[in-house]
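Asks:
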Amino acid sequence: MMTDVVESSGSPARNGRPTDADPSGAAASRTGTDDATAAERIGEIRRRIDEIDSTLIALWQERAALSQEVGATRMASGGTRLVLSREREILERFRAELGADGTQLALLLLRAGRGPL
């Protein structure tokens, strides 16, 4: 019985041999499929994912910098390090929109802006 196995490099192999559809095995190593149409579509989707990831990273960095500025401004004026009611608002908004994963994401965002508690 022949089964697909993913090698430690992340590329599929069938008994160590490339397939007939892609003699080099390159498409399968990048996309997990030997089907050229599917591999092309996967490539398009992944390019869009990479664009989104770049945007998310930039937004994360901007948000953290702004949050740090808020905290520094508040503390310089004699205010508290944290405003827990604001953190609860953020946690609730993310939970309402994204569920439990949203709560975890919000906690990470808050930590990026204010540092660990």
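Just so you know, we're using my numbering here: the sequence shown kicks off at 8 and counts up by one. Using N, Cα and C, we set each Cβ at its ideal position, and we do this for glycine too. Remember, predicted model here, so these are calculated numbers, not experimental data.
Inspect the CB distances between the region 100 to 113 and the region 55 to 75 and report whether three or more fall short of 8 Å.
Replies: No, the region 100 to 113 does not touch the region 55 to 75.
Asks: Using beta-carbon positions only, say whether Ala71 and Gly120 come within less than 7 Å of one another.
Replies: yes
Asks: Suppose the cutoff is 6 Å on Cβ atoms and the five residues either side in sequence are ignored; what does the same chain contact list for Ser15 look like?
Replies: Because the pLDDT at Ser15 is just 41, under 50, the model does not fix this residue reliably, and the value given afterwards should be weighed accordingly. So the list is empty, once near-sequence residues are dropped.
Asks: Give the straight-line distance between the Cα atoms of Glu2 and Arg118, rounded to the nearest whole angstrom.
Replies: Here the chain has residues from 8 to 124 only, and residue 2 is not among them.
Asks: Exposed or buried, what is Ala79 when buried is set at 16 or more other beta-carbons lying within 10 Å of its beta-carbon?
Replies: exposed
Asks: Out of curiosity, what's the CA-to-CA distance linking Gly109 and Ile97?
Replies: 10 Å
Asks: Specify the secondary structure class of Thr87 as computed by DSSP and reduced to three states.
Replies: coil
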